[in-house]
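Q: For the sequence shown, my numbering assigns the number 35 to the initial residue and increments by one for each residue that follows.
We treat Cβ as the ideally placed atom computed from N, Cα and C, and that holds for glycine.
All values reported here derive from a predicted model rather than from experimental measurement.
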Amino acid sequence: ALEWAGMGGTSRDALERQMRQRIDAAGRTEAERHRGRFGTLCRKAGIPKSHRPEAKPAASAEWRTLKGEPLDILPSVARRGDLTLFTASSARYTPLFENLLEVTLLRSGRPVLFVPEGATVARFRQPLVAWDGLSGAARAVSALVGLAEKVACASVLHVTEETSVDTPDMADVIAHVGWHGMSAEAMTEPRDLRSVGATILDVAGAVDADVLVMGGYGHARYR
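Below, the structure is given as structure tokens:
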């Protein structure tokens with residue numbers, strides 16, 4: 035944009051350098067502010083900080099400050115973790131930039147958890163599984179059995195449509211979570227005039243689900 039405005043090379047480079055320095059300084063200030071909050075939360079929760087795994091498995095926390103473009107950095111970091119959490123502010127859609135949650139899900143191959151505004155992370159005792167029988171949903175269920183409490187009772191939902199003639203067999207997925215100590219029940223719900231997403235959310239509210247589990251790879255990116 036600076037070049038199109040007719041600015042000379044020397045002036046353009048100097049202005050761009052100043053902009054980068056301001057962005058870098060603002061980022062460092064924000065990082066220090068959040069690191070302070072992180073330390074306060076760890077103290078309140080009684081969770082020690084650790085930079086390496088301990089011999090005895092226990093909860094610990096580590097703070098890392100990463101510099102660079104989040105869309106490039108976060109997916110590679112997420113590959114080395116079990117789960118990446120996003121809040122509403124970090125998963126916001128913008129007209130010009132890709133969505134960070136979506137990019138992390140598609141590029142990392144790992145599950146992500148979206149925590150809505152004002153909500154707390156649940157203990158996964160009443161999960162609702164949106165099941166279509168495809169590989170994306172299967173990956174999501176694999177993530178669930180590794181994270182949910184063993185006393186969890188899951189609802190496995192398939193949304194039916196008028197044009198659909200085949201309903202995926204939910205007996206296998208119910209047996210699968212059962213082998214991991216979780217009970218589950220099958221549910222079907224007609225879509226009617228609602229979108230599939232709205233139908234799933236309606237059922238989630240009706241069964242008082244504390245987490246929604248669904249595949250994230252089944253659609254083209256433009257959808």
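Going by C-alpha distance, which of Ala95, Phe148, Gln52, Leu227 is nearest Gly250?
A: Out of Ala95, Phe148, Gln52, Leu227, Phe148 has the C-alpha closest to the C-alpha of Gly250.
Q: Checking 7 Å against the spacing of the C-beta atoms, do Leu181 and Val247 come in under that value?
A: No.
Q: What does the Cβ neighbour count give for Phe131, buried or exposed, with the cut at 16 atoms within 10 Å?
A: Classification of Phe131: exposed, given that the 10 Å Cβ count is below 16.
Q: Taking the continuous alpha helix (DSSP H) assigned at Val137, which residues delimit it?
A: Val137 -> alpha helix (DSSP H) spans 134-142.
Q: Pick from Thr99, Val207, Ser124, Ser110: whose alpha carbon is nearest that of Val175?
A: Measuring from the Cα of Val175, the nearest candidate turns out to be Val207.
Q: Please classify Phe131: does DSSP put it in a helix, a strand, or coil?
A: Correct three-state label for Phe131: coil.
Q: If we call anything under 7 Å between Cβ atoms a contact, is Ser189 one with Met216?
A: Not a contact, by the Cβ cut-off of 7 Å.
Q: What does DSSP give as the partner residue(s) for Cys187 in the beta ladder?
A: Answer is Ser217.
Q: Taking only runs that begin and end inside the stretch 60-130, name each unbroken beta strand (DSSP E) of 3 or more residues, in chain order.
A: Runs found: 118-121.
Q: Beta-carbon within less than 6 Å of Arg126's beta-carbon, same chain only, minus the 5 sequence neighbours each way: which residues are those?
A: Here the set comprises nothing.
Q: If you check the beta carbons only, do Pro104 and Ser94 fall under 7 Å apart?
A: Cβ atoms of Pro104 and Ser94: not closer than 7 Å.
Q: Taking buried to mean at least 16 other C-beta atoms within 10 Å of its own C-beta, is Val211 buried or exposed?
A: Under this definition Val211 is a buried residue.
Q: Alpha carbon to alpha carbon, how far is Trp97 from Pro224?
A: C-alpha separation (whole angstroms): 46 Å.
Q: Return yes when the Cβ of Glu151 is within less than 7 Å of the Cβ of Ala122, no when it is not.
A: Contact flag set, yes.
Q: Classify Ala112: buried if its beta carbon has 16 or more other beta carbons within 10 angstroms, exposed otherwise.
A: By the neighbour-count rule (16 or more Cβ atoms within 10 Å), Ala112 is buried.
Q: Distance check for Arg51 and Lys101, CA to CA, integer angstroms please.
A: One C-alpha to the other measures close to 17 Å.
Q: Only counting the same chain, and skipping five residues up and downstream in sequence, which positions put a Cβ closer than 8 Å to that of Ala218?
A: Within the same chain, Ala218 has close Cβ partners Val163, Cys187, Ala188, Ser189, Val190, Val207, Ile208, Val211, Gly212.
Q: Going by the DSSP bridge assignment, what does Glu164 pair with across the sheet?
A: Sequence inspection shows Ala at residue 164; the Glu mentioned does not correspond to that position. Paired residue(s): Leu191.
Q: Going by C-alpha distance, which of Asp203, Thr138, Ala205 is nearest Phe120?
A: Looking at the Cα atoms, Thr138 is the closest of the given residues.
Q: By Cβ distance below 8 Å, which residues in the same chain neighbour Leu134 in space, the five residues on each side in sequence not counted?
A: Contacts found: Pro104, Leu105, Leu108, Phe120, Ser124, Ala125.
Q: So, is Val185 buried or exposed, given that buried needs 16 or more other C-beta atoms within 10 angstroms?
A: Exposed.
Q: What is the C-beta distance between Val245 and Pro161, in whole angstroms, given that I count them as a contact (C-beta under 8 Å)?
A: Their Cβ separation, rounded to whole angstroms, is 5 Å, which keeps Val245 and Pro161 in contact under 8 Å.
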